[in-house]
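Position 263 of the sequence shown, counting from 1, maps to 262 under numbering that gives the first Met the number 0, and the rest follow consecutively. Don't be surprised by glycine CBs; every beta carbon is placed ideally from N, CA and C. Treat the numbers as computed from the prediction; the structure is a model and nothing was measured. Working notes, beginning with the structure itself.
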Amino acid sequence: MLFLTPDVFGSYGGIARHCKIALKALTAPETTGVEGVDLIALMDPRGSRPESYYAGPRLRSYTACGGSRAELLRQTLSRMLRIRYDVVITEHVNLSPLLLVSTLRSPRARRVTIAHGVDTWVRLPPVRRMALQKSTIVVSVSEYTANVTSRVNHVQRGRVQLVYNCLDPALHAESSNVSVGHRDNSILTVSRLWRSENSKGHFEVLRALPQVVEAIPDVTYHVVGDGDLRPDLQRATTELGLERNVRFLGSVSDSALRQYYRRCAAYVMPSKWEGFGLVFLEAMVAGQPVIAGDRDATPEIVGDAALLVDPDDARGLADAIIRVLSDDALRKRLGAAGRARVESLFTYDRFRDRFLSVVCGAAAC
0 MLFLTPDVFG
10 SYGGIARHCK
20 IALKALTAPE
30 TTGVEGVDLI
40 ALMDPRGSRP
50 ESYYAGPRLR
60 SYTACGGSRA
70 ELLRQTLSRM
80 LRIRYDVVIT
90 EHVNLSPLLL
100 VSTLRSPRAR
110 RVTIAHGVDT
120 WVRLPPVRRM
130 ALQKSTIVVS
140 VSEYTANVTS
150 RVNHVQRGRV
160 QLVYNCLDPA
170 LHAESSNVSV
180 GHRDNSILTV
190 SRLWRSENSK
200 GHFEVLRALP
210 QVVEAIPDVT
220 YHVVGDGDLR
230 PDLQRATTEL
240 GLERNVRFLG
250 SVSDSALRQY
260 YRRCAAYVMP
270 SKWEGFGLVF
280 LEAMVAGQPV
290 IAGDRDATPE
300 IVGDAALLVD
310 PDDARGLADA
320 IIRVLSDDAL
330 RKRLGAAGRA
340 RVESLFTYDR
350 FRDRFLSVVC
360 GAAAC
């Protein structure tokens with residue numbers, strides 16, 4: 000199997016996290032039918048080493064290209080010329096044209112593209128669209144993404160297969176042992192703060208916060224993550240007079256992040272362009288209620304474990320925050336429902352079994 004990804008061990012974004020869990024499933028010693036995996040990562044710094052927790056004994060090789068597309072192409076072509084692969088996976092549609100190249104040497108290879116969300120919601124350039132259409136299977140992380148991808152890029156719906164994301168099993172095991180409840184009057188949002196991804200709802204939360212502060216003066220909004228959007232958010236915080244109620248925490252360690260999830264009263268992210276939302280699972284497995292947007296794939300993922308609001312309705316968002324922070328019974332009910340939903344739909348075992356079945360099919364990977 001050849002596995003091509005934008006990044007895996009050099010990033011903490013959603014795609015890298017998905018790739019790690021997929022790699023763990025493919026290379027674990029108990030996995031049958033997978034002969035070996037050659038992993039090539041575009042953005043991972045040269046000299047990077049695979050993390051042993053995710054890289055099992057079936058990982059045959061790992062190449063980090065240091066951001067060089069020329070190196071990615073060279074490494075990919077070198078392997079394709081030497082090895083007839085049964086399965087070729089691209090973790091992101093931007094790399095999918097390489098699937099077309101794979102047909103020259105391995106015409107019967109099972110070609111797989113992962114669709115994460117916005118990346119396949121728009122009409123793609125011709126070559127990427129053709130590569131997506133010619134994929135044997137498109138793995139979609141949500142039903143919403145599957146339907147939009149099929150409609151917008153004219154991919155046969157039967158080729159688009161649903162494989163829900165899951166929590167990292169280590170995080171899942173630790174978080175599941177935490178009692179449902181809250182520790183303080185803080186609300187939390189976790190995401191990268193990039194202007195190019197300004198759809199998570201940070202500004203919407205800030206606009207709603209003055210009304211929340213009137214009702215709950217000691218409320219604190221914790222913002223975890225960093226990027227070029229942070230100065231804009233800090234400026235808006237100052238303009239709204241919310242310096243006492245907003246804390247920008249930057250990037251934090253995994254252990255610190257778990258503590259923020261455990262202590263918050265609610266996880267709040269009224270996003271508009273969410274293909275899945277792993278952070279919702281992280282909050283839900285910690286037993287915390289979720290307040291989220293009513294658009295995109297979010298309602299499908301959070302189910303009855305969240306209050307859904309119109310992201311553009313600041314008053315409605317403020318009312319939802321006040322309601323959750325003021326109602327212990329509601330908070331506990333949502334928290335318990337969230338944890339049960341994760342245990343039912345989003346476990347690693349469930350992901351592994353479904354992912355291997357869809358990706359490998361009858362092929363010997």
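Label H153 either buried or exposed according to how many other C-beta atoms from any shown protein chain fall within 10 Å of its C-beta, with 16 as the threshold for buried.
Under this definition H153 is an exposed residue.
Tell me which residues share the same chain as Q74 and place their Cβ nearer than 8 Å to its Cβ, disregarding the 5 neighbours each side in the sequence.
The answer, listed in chain order, is I39, T62, C64.
Could you work out which residue in V100, M0, Q210 is closest to G315 when comparing CA atoms only?
Answer by Cα proximity: Q210.
How close, in whole Å, do the beta carbons of T219 and S185 come, if the pair is a contact with beta carbons under 8 Å?
T219 to S185, Cβ: 4 Å. Contact.
So for V222, helix, strand or coil by DSSP?
Strand, per DSSP.
Excluding the 5 residues preceding and the 5 following L76 in the sequence, name in chain order all residues of the same chain whose CB lies nearer than 8 Å to its CB.
The residues are V100.
Within the continuous alpha helix (DSSP H) that includes R81, where are the two ends?
Here the alpha helix (DSSP H) through R81 covers 68-81.
By Cβ distance, which residues of its chain are closer than 6 Å to S105, with the 5 residues on each side in sequence left out?
Excluding positions up to five away in sequence, the list reads R83, Y84.
Which same chain residues, not among the five before or five after T135, have their C-beta less than 6 Å away from its C-beta?
So the qualifying residues of the chain are R109, R110.
Tell me which residues share the same chain as F354 and place their Cβ nearer than 7 Å to its Cβ, disregarding the 5 neighbours each side in the sequence.
Contacts found: A21, A24, V162.
What is the DSSP secondary structure of R351, counted as helix, strand or coil?
Of the three classes helix, strand and coil, the one that applies to R351 here is helix, per DSSP.
What does the alpha-carbon distance come out to for the pair M283 and A207?
Distance between the alpha carbons of M283 and A207: 23 Å.
Output the residue ranges of the beta strand (DSSP E) runs that lie fully inside the stretch 278-305 and measure 3 residues or longer, sorted by chain position.
Segments of the beta strand (DSSP E) lying fully in the stretch 278-305: 289-292.
Could you say if the stretch 27-47 and the stretch 117-132 meet the contact criterion of at least three C-beta pairs nearer than 8 Å?
No, the stretch 27-47 does not touch the stretch 117-132.
Roughly how many whole angstroms lie between the Cα atoms of L205 and I290?
Rounded to whole angstroms, L205 to I290 spans 14 Å at the Cα level.
Is R332 close to chain D, meaning its C-beta is less than 8 Å from at least one C-beta of that chain?
Looking for chain D here will not work: only one protein chain is present.
Could you tell me the distance, in whole angstroms, from the CA atom of V95 to the CA atom of S149?
According to the sequence as given, residue 95 is Ser; it is not Val. Each residue's alpha carbon lies about 16 Å from the other.
Rank G224, R338, S47, G13 by C-alpha distance to the C-alpha of H115 and give the top, closest one.
The option with the nearest alpha carbon to H115 is G13.
Strictly by DSSP, which residues pair up with T236?
Looking at the DSSP assignment, T236 forms no beta bridge with any residue, so it has no partner.
Please state whether DSSP places M0 in a helix, a strand or coil.
Reduced to three states, the DSSP call for M0 is coil.
Which same chain residues end up closer than 8 Å to T144 when comparing Cβ atoms and leaving out the 5 residues on each side of it in sequence?
Excluding positions up to five away in sequence, the list reads A114, H115, G116, T119, W120, G274, F275, A296.
To the nearest angstrom, how far is it from the Cα of D37 to the Cα of C263?
For D37 and C263, the distance between alpha carbons rounds to 41 Å.
Along the chain, where does the beta strand (DSSP E) that runs through F247 open and close?
Run containing F247: 245-249, per the beta strand (DSSP E) assignment.
Name the two residues that bound the continuous alpha helix (DSSP H) containing Y61.
Not the alpha helix (DSSP H): Y61 falls in the beta strand (DSSP E), residues 58-63.
Since A255 is in the alpha helix (DSSP H), which residue starts that stretch and which ends it?
First-last of the alpha helix (DSSP H) with A255: 253-262.
Which word fits V278, buried or exposed, when buried means at least 16 other C-beta atoms lie within 10 angstroms of its C-beta?
With 16 or more Cβ atoms within 10 Å of its Cβ, V278 is classed as buried.
Is the distance from the Cβ of T346 to the Cβ of M268 below 8 Å?
Result no, Cβ atoms of T346 and M268 do not sit closer than 8 Å.
Compute the Euclidean distance between the alpha carbons of R294 and D311, then round it to the nearest angstrom.
Using only the alpha carbons, I get a separation of about 11 Å.
Indicate whether V301 and A319 have their beta-carbon atoms separated by less than 8 Å.
Not in contact: V301 and A319 (Cβ atoms no closer than 8 Å).
Please go through the same chain and pick out, in chain order, the residues whose beta-carbon is closer than 7 Å to the beta-carbon of A15, but skip the five residues on each side of it.
The answer, listed in chain order, is D6, V7.
Under DSSP, the alpha helix (DSSP H) around Q132 begins and ends at which residues?
Where Q132 is concerned, the enclosing alpha helix (DSSP H) stretches over 125-132.
Just verifying my parser: in three-state terms, what is the DSSP assignment at L38?
DSSP places L38 in strand when its eight states are reduced to three.
Beta carbon of L344, beta carbon of P288: below 8 Å?
Taking 8 Å as the Cβ cut-off, L344 and P288 do not qualify as a contacting pair.
Where does S356 sit, in a helix, a strand or coil, going by DSSP?
Note: S356 maps to helix in three-state DSSP.
Which two residues bound the contiguous beta strand (DSSP E) that contains I186?
Run containing I186: 185-189, per the beta strand (DSSP E) assignment.
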